[in-house]
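S.K.: Sharing a structure, written as structure tokens. Questions coming.
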Amino acid sequence: MLTVLEPATEAVLAEVPRAGAAEVDAAVANARAALPAWRALAPADRARVLGALADVLAGAHEELAVLEARNAGKTIADARGEMAMVVDTFRYYSGAPERLLGDTIPAAGGQAFTVREPLGVVGLITPWNFPLTIASWKLAPALAAGNTVVLKPAELTPLTALRFAELAADAGVPAGVINVVVGPGSTCGQRLVEHPDVAKIAFTGSTEVGRTIAAAAAAQIKRVTLELGGKSANIVFADADLEAAAAAAPGAVFGNAGQDCCARSRILVQESVVDRFLELLEQHVTALRVGDPLDEATQMGPLISQAQRESVSSFLDGEAPIAIRGSAPEGKGFWFAPAVLAPVRPEQRVAREEVFGPVAAVIAFAEEPDAIRLANDSIYGLSGSIWTRDGARALRVARAVETGVLSINSNTSVRVSTPFGGFKQSGYGRELGSHALEAYTEMKTIFYATE
Ligand code: NDP
57 MLTVLEPATE AVLAEVPRAG AAEVDAAVAN ARAALPAWRA LAPADRARVL GALADVLAGA
117 HEELAVLEAR NAGKTIADAR GEMAMVVDTF RYYSGAPERL LGDTIPAAGG QAFTVREPLG
177 VVGLITPWNF PLTIASWKLA PALAAGNTVV LKPAELTPLT ALRFAELAAD AGVPAGVINV
237 VVGPGSTCGQ RLVEHPDVAK IAFTGSTEVG RTIAAAAAAQ IKRVTLELGG KSANIVFADA
297 DLEAAAAAAP GAVFGNAGQD CCARSRILVQ ESVVDRFLEL LEQHVTALRV GDPLDEATQM
357 GPLISQAQRE SVSSFLDGEA PIAIRGSAPE GKGFWFAPAV LAPVRPEQRV AREEVFGPVA
417 AVIAFAEEPD AIRLANDSIY GLSGSIWTRD GARALRVARA VETGVLSINS NTSVRVSTPF
477 GGFKQSGYGR ELGSHALEAY TEMKTIFYAT E
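Numbering (the numbering used here), first residue to last: 57 to 507.
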């Protein structure tokens, strides 16, 4: 059995059977058996099933939010927002089956055109930081395109995925179309990657595991999309609305207790305003309410596990001074008080490695080219922000920064309707928006001779 803990209390939340390679094989066989009927369903009928699933998920919104908040240690406000996004994601892709369009292409002697075919059985491997949300970003477009799926959630947070499978059955999703297997990445995840009947792996998690998956998938030229780590820069120019930038910065790095691949954990501030920015930032960091995730007023919960707390603590090693420290509860629970390190030099570890916890590094820069150089001085390229009142500068810098998603005078990264994914070692492929459908279909070219 697998013991699932509640990070805020360290108490046992659930015991669930732990699957191994044999259960993965059975799930893949089920998905394979369900594939012909699912892909043959008329587009409008597949759309109706996904719409019904969105309705059932909306009906279970509060139940799912509480389960996610307890299992992942995230605040109930965040969990509600995330579950609303899960519903919206299914709603959005319920419009996709009838919009999988192709091209007609002039060709000598006949007519050429393209169609989009489903890949087959798709393996989804997801992390513990946004469990059902990230799963939905993969599930909804995969199903809309006519694939069947095997989902392996992270062992730390399997509960909403298991409940989701029950709700999908209630909504009328045919048996075998969605399969959930709860077991370790080293056995279940690996078996999914190596299984000859799995056409594609969609993975979100660490760059290290992503690298292993890409290498193993290469043996079968298996399709892979990877959403991996990040070390995003939040660039604050002297001409920005500093009050707004400082008020928004904590949410961008301490949201989800910093366990966010889009965390703006490098705050690059123009040197002439660093002191003023830190002064403004301090009031927001010290006022952050860290505590019980189910308390409506809480703004940050615990970390996911003791191992994660040890990993995050290792960044407070004295290499850079702690300029600002928030507070956190004492006692049971994987608590960690948010910290801002300043001044940080670009070569220091906290400026280079993904912390995946509530630790921000403030790094000073002189001029615009220095900001761009520092922002790009990373193996990652997932997200980022630019704060300035100069519109031309905002666009210049946005084009020069090597990341997949950027916001100007905002720290948001993710929308159901816009593509999301990384440059460099933050991964490849895009999720969400209409672009995600490309990652769950193969394009086929058909030529019909007319002579
Ligand atoms: P992992 O990358 O190990 O886990 C992500 C998922 O992959 C989990 O479902 C995991 O299973 C599975 N997995 C692990 N090993 C394999 C494998 N060999 N083959 C197939 N699947 C596998 O992340 P961690 O949970 O270990 O977190 C470590 C660090 O990764 C974090 O501190 C953070 O830096 C980064 N991370 C980034 C995320 C992002 O959103 N980009 C999300 C999560 C982590 P299981 O855990 O059940 O064993």
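Glycine residues also receive a C-beta, built at the ideal position from the N, C-alpha and C atoms.
Being a predicted model, the structure only gives us computed values, none of them experimental.
Within the continuous alpha helix (DSSP H) that includes residue 141, where are the two ends?
M.R.: From DSSP, the alpha helix (DSSP H) with residue 141 extends over 132-149.
S.K.: Going by other Cβ atoms of all chains shown within 10 Å of its Cβ, with 16 needed for buried, is residue 134 buried or exposed?
M.R.: Classification of residue 134: buried, given that the 10 Å Cβ count is 16 or more.
S.K.: With a Cβ-Cβ cutoff of 9 Å, do residue 377 and residue 384 count as a contact?
M.R.: Cβ distance not < 9 Å, so residue 377 and residue 384 don't count as in contact.
S.K.: List the residues that DSSP assigns as beta-bridge partners of residue 326.
M.R.: DSSP, once it has assigned bridges, lists 421 as partnering residue 326.
S.K.: Is there contact here, the segment 437-449 with the segment 407-414, by at least three beta-carbon pairs under 8 Å?
M.R.: The answer is no - the segment 407-414 does not touch the segment 437-449, with fewer than three Cβ pairs under 8 Å.
S.K.: Taking 8 Å as the cut-off, is the C-beta of residue 410 nearer than that to any heavy atom in the ligand NDP?
M.R.: Residue 410: yes, Cβ under 8 Å from the ligand NDP.
S.K.: Is it a yes or a no for the segment 413-427 touching the segment 311-319, going by three-plus beta-carbon pairs under 8 Å?
M.R.: Yes, the segment 413-427 is in contact with the segment 311-319.
S.K.: Which of the three DSSP states, helix, strand or coil, is assigned to residue 289?
M.R.: DSSP places residue 289 in strand when its eight states are reduced to three.
S.K.: I'd like to know whether the C-beta of residue 267 is nearer than 9 Å to at least one C-beta of chain D.
M.R.: This model lacks chain D altogether; it includes just one protein chain.
S.K.: Looking at residue 510 and the ligand NDP, is the gap between the Cβ and the nearest heavy atom below 8 Å?
M.R.: Nothing can be reported for residue 510, as the shown portion of the chain is limited to 57 through 507.
S.K.: Would you mind giving the Cβ-Cβ distance between residue 188 and residue 142, rounded to the nearest angstrom? I have them listed as a contact below 8 Å.
M.R.: Their Cβ separation, rounded to whole angstroms, is 5 Å, which keeps residue 188 and residue 142 in contact under 8 Å.
S.K.: From what residue to what residue does the beta strand (DSSP E) around residue 281 run?
M.R.: 279-283 is the span of the beta strand (DSSP E), which, as asked, contains residue 281.
S.K.: Identify whether residue 66 lies in helix, strand or coil by the three-state DSSP scheme.
M.R.: Correct three-state label for residue 66: coil.
S.K.: Answer yes or no: do residue 69 and residue 126 have a C-beta to C-beta separation smaller than 9 Å?
M.R.: Against a cut-off of 9 Å, the Cβ pair of residue 126 and residue 69 comes out as a contact.
S.K.: Is the beta carbon of residue 286 less than 9 Å from the beta carbon of residue 156?
M.R.: Cβ atoms of residue 286 and residue 156: not closer than 9 Å.
S.K.: Quick check: the segment 239-257 against the segment 80-94, are at least 3 beta-carbon pairs closer than 8 Å?
M.R.: Contact between the segment 80-94 and the segment 239-257 is present, because at least three Cβ pairs lie under 8 Å.
S.K.: Whole angstroms are fine: how far does the CA of residue 154 sit from the CA of residue 100?
M.R.: One C-alpha to the other measures close to 6 Å.
S.K.: From residue 42 to residue 149, what does the alpha carbon distance come to, in whole angstroms?
M.R.: The first residue shown for the chain is 57 and the last is 507, placing residue 42 beyond what the model contains.
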